[in-house]
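Chains as they are written, first to last, in the working numbering: chain B, 90 to 1046; chain R, 574 to 1093.
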């Protein structure tokens, strides 16, 4: 590709085409450019167009194309061809800095990015003169150029802020410091002088201040890894100037924009970061300067307004104070009562105030407000920073700070009392202050777990919170009501039960309020209160205590779902689920009405599922309705099926992916409740459940396996008699599942059910194939999980079909196979089997192999008899503590992993553990003892070998 | 998890005895690039003699000026005097040069060299007939050798080494002392001149002067020079030389003078700053109890090198560490961890981090001797460099300690303290903390207490910080944070291996490849 006018013309034309919106024109042009980019001179042509073209748009387009080209091609990957020729590389590096610096800003930014990409690969070794070339430009006096250099330097150096220390990295930094630090310092000083010279020229100031901000950013990068000797020697210059800049104000630079931070704010924010870096890492050297910075930053806070544009600056500044005040040797800077008072009064309190921006969010963007306020995504808000400062100050000054704030809280409450209509924000701030002061430790699950003992939370509740909750006009002062509700929720673990019980009906009433935040908080508070545990791990609030409010609670919760903006409110739906779970039998009378409402809701949301949490709790609530009602009366299952199946059919037919796994779980729950044989409505669905497409979605696998197990449990004979042609398909599912390391255990669940439930004749023809598949998997990828499941299965098979059948089928596949499995798999691995039922199956199965299998007594397998017995005893001796007590089986939803993954497991659709052996063997140890006894009677002399391996003690039961 | 990312210098320098990399001990790395100023408390490599001699008159104005003109004239005069034949003038010239070279600020080392004076000065060293001239020449050369490597090189290349070694035996104590000093400067320049001196037999010549009646001032210089002969790596001084010097250094470690003790300790610290064989040589002298005793001294100049030596020793093998523990180091450390100087706290924390990298028996001794409380204090209130070492201690402890030991550490408040430090502006420290958190979770898993630990981490604000780190620019950090969140604070994904044939309505059941023999 030669560098001539023709080629330049062609390139320009194609670049032009890449800007045309019509893909029919654009795509081929892009493709063409990519196809020629491997040619030598291509980048040079691009740069030439960039430099020479008369068309501004083409120039920018060339710059962007160039940057993307560099991004894709510059790195030399080992074993791959060099995608840019060496002469091109050299030419680019020789020209790009100059080109960048002389280009207009839009192009400058692209080229600056390109330089830093090249720099990342080539700097410093393969681009030794880059820095000197850049530094020379500092003298140009042209701040357009200087800012270009600074910006490029920033993108080159900013990685020093997050990369690990290494000799290579530090050598580079050292080199940068040697060439760059001194000129940067000179530039810093000169720029500050120029700011004075041009103090009245707003345009000049803007350029100069953006230089200062970039310089401050470079300072941060260069000082991040360690304190360089140069900067230690020049600390006076830098820190004095930083300090001056912090205290500087210039009317000309103030912006009218309320949202976007201006140049002054950006610069000061960066200086706060720089000071925080030094205070944290180079404390010893920075100590002489620190008090000055504390004062300056604190003054800055006192004089900075409430506008959103100052948020970053203010939260950075407060965080600086917060980090300094908890260090022991700076304690003295804060301990003076006047200082503390002033910080509390002028820094903390104003930043806790409810601002108009908060008010807007409260009214118009409830969802975001709730996420920020309730779920703590407020990491860089002023309120959060102010809270951190309170916590920091409390490390050394808990008493005085609490004292100061108590005074404040009282005076704010007095202000409020004078004229609530006007001064309600004072009370809001007072509540916020009390909360932040009292909270020492907090979790989502329990609320505040550790509180400041100097704050009387109960008294405050009685005097100031309860009043608002009791106020007859629930829609008045919604922010204060929301605060009061949140207070109950936050301090639920601190407040005595009587007070919580007093709050419950009030919270129920607030479910009816217009404000979304308010009724959401009410639902959330109730939900949290209902999860609290009292003595004996029972719920703190009992169904009996709820009896007077049950109807109101259920009514209001469902009505709240009808309030505009809350139709898919996950907090309300979760509160419904939690109420069902708490109230149990007490909800039965209401279910006929409620199930209709839930079903209707389900129908609506299934059109367009958008709130996963809401949907999840909806299904949980359905499960609870079914479970609780059918526990009292199994026959009601039919009415649930009648209500739900039409919606379920629709969901399955429309393949609503989010809901399908839920539907399978609810169907399993329903089917399991049936006592007689499987209803025909279920059988009609059976063939569809075997469709491969369903199984391709991993989220479907666990609930589908569970459902097929329910089919087998209730309808194995029906399947064998009316759907025998589906058995290969069913086994095909098993085969598919055991092929996957992730799903093989699911395959075994299915296989176990098949072996346990299906009439033996119906699967005889497939038995050998099943084992061959298992052996193939064992051979190709043996994992612990697979081996554990495999052991359970073969022992279950042995229990069901007998030890002889097991031995014969193994040896029929390959001679001596049975011995190999006993020796290589059962004996060494059986100790790994976990779970009470699983161990029982293995114990009974192995006992049968030991005592009911002639091949173990009479062939070369005999040598395995004693080791197998020892393995079995080892299994007995293993500590077995995987049992789950019955009442804990349906664990709290928070503890249930899974509701965010593709498989959304419903806690309340849970299945009890199934023991296929059941009462036939209660104690496998006794069975072993009896079986051995029987064996020794039947074949005298044979079992004597066991005398030294088995003692009474081993078989203690 | 973090472990795989921690393979930087520090990790590879941890002692490794059949353990995972995380459990290995730290070694200082001499060849490491430094950005900082040389450490203020380190002993100096070269020194200039700027003391004035007894009844000497104050420096004349022309000797104390920075005026190039004046200096150049003075030097011309010196050259004239020194190159002449008159002994009186020679002495005068030499003394004038010495005075110029002894100025507090900007001594004209280069100018003196460029004036070609070194040849004569070296020649004067051999003038046994004129002790004053010898002394002035020795002093001048000492000060020239105290400059940069280039300056030292000039002195050596003018053949000063054999002359100085010969002067060690001078009956005049002040001349011998000056020779000791000059040789110290040359030895301090680096391994190659150090070994050159050793080859020239400097050690026996020095040790010959180590007599009970030697004055303290003389012994101070001698000790310092010996310490420089022990100093520097790449290569280390050879074993035979070390063996020659060690008995005398040990002897000096029992002296009562603080300055002698300090330099003798520095010598030990250099000798222990190396592979385990080097440490062994020192331990075999039985000096450990004395070193531990010196840890209890008031003077920072003694405590610093003594602590450095102990720190080096506990970075050795488990046996070497045990030797230090048996000598009582664990009773001395708590006090040093609470020392008013943060540099001492840091070194003490470093030593603890290396002991914590040992087997669980040694970790148990940390507990028994009450080191956990001061360690947690340092995590909370130490300066950043100290906190960083203390964090390493926690990570090493949690990766090698038993479950009970880890629980104990958490109960002492270490977990909360390191969670707070997740805000540190130091990438490596953050990663090391994440590693420690992971270790604590592994212990909790063994106890079935993961849920409880999750709550604890959340309560003290750790969850917020770990979540925040998922946005970190450093890949290793965000991956480690993400791994923790995924493993302990949320739920998990999926994988796939073999496939099965399928039609639209069914999977096809049946095994292929029946001929294959199974063998597990």
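Glycine residues also receive a C-beta, built at the ideal position from the N, C-alpha and C atoms.
Three-state class that DSSP yields for residue i in the structure shown
i	result
residue 108/B	coil
residue 254/B	coil
residue 227/B	helix
residue 1083/R	coil
residue 917/B	helix
residue 860/R	coil
residue 510/B	helix
residue 998/R	coil
residue 419/B	helix
residue 544/B	coil
residue 903/B	coil
residue 806/R	coil
residue 491/B	helix
residue 315/B	coil
residue 787/R	coil
Contact set between residue i and chain R, taken where Cβ atoms lie within less than 8 Å
i	result
residue 906/B	1091
residue 822/B	1080
C-beta neighbour in chain R for residue i, strict 7 Å
i	result
residue 530/B	yes
residue 251/B	yes
residue 369/B	yes
residue 818/B	yes
residue 538/B	yes
residue 735/B	no
Minimum Cβ-Cβ distance from residue i to chain B less than 7 Å
i	result
residue 1000/R	yes
residue 984/R	no
residue 606/R	yes
residue 1028/R	yes
residue 599/R	Only weak support is given to the placement of residue 599/R: the predicted model assigns it a pLDDT of 48, under 50, and the value that follows is read from those uncertain coordinates. No, residue 599/R does not count as interfacial toward chain B.
residue 962/R	no
residue 610/R	yes
residue 716/R	no
residue 1032/R	yes
residue 1046/R	yes
Contact set between residue i and chain B, taken where Cβ atoms lie within less than 7 Å
i	result
residue 1083/R	858
residue 956/R	372, 373
residue 915/R	373
Residues bridged to residue i [DSSP beta-bridge criterion]
i	result
residue 622/B	628/B
residue 531/B	537/B
Beta carbon proximity, residue i to chain C, threshold 7 Å
i	result
residue 243/B	Note that chain C does not occur in the displayed structure, where the protein chains are B and R.
Per the contact definition of three or more C-beta pairs closer than 8 Å, is the region 605 to 614 of chain B in contact with the region 582 to 591 of chain B? no
Does the region 998 to 1016 of chain R come within contact of the region 245 to 265 of chain B, defined as at least 3 CB pairs closer than 8 Å? yes
Give a yes or no on contact between the region 536 to 548 of chain B and the region 503 to 514 of chain B, applying the rule of three or more CB pairs nearer than 8 Å. no
Please determine if the region 950 to 960 of chain B and the region 926 to 934 of chain B are in contact, where contact requires at least 3 C-beta pairs separated by less than 8 Å. no
Given 8 Å as the limit, is there contact between the region 924 to 943 of chain R and the region 888 to 895 of chain R, that is, 3 or more CB pairs closer than that? yes
Any contact of the region 648 to 656 of chain R with the region 822 to 838 of chain R, i.e. 3+ C-beta pairs under 8 Å? no
Assess, as a yes-or-no matter, whether the region 734 to 746 of chain B is touched by the region 671 to 683 of chain B under the definition of 3 or more beta carbon pairs within less than 8 Å. no
Evaluate the contact criterion for the region 900 to 908 of chain R versus the region 849 to 864 of chain R: three or more CB pairs, one atom per stretch, below 8 Å. yes
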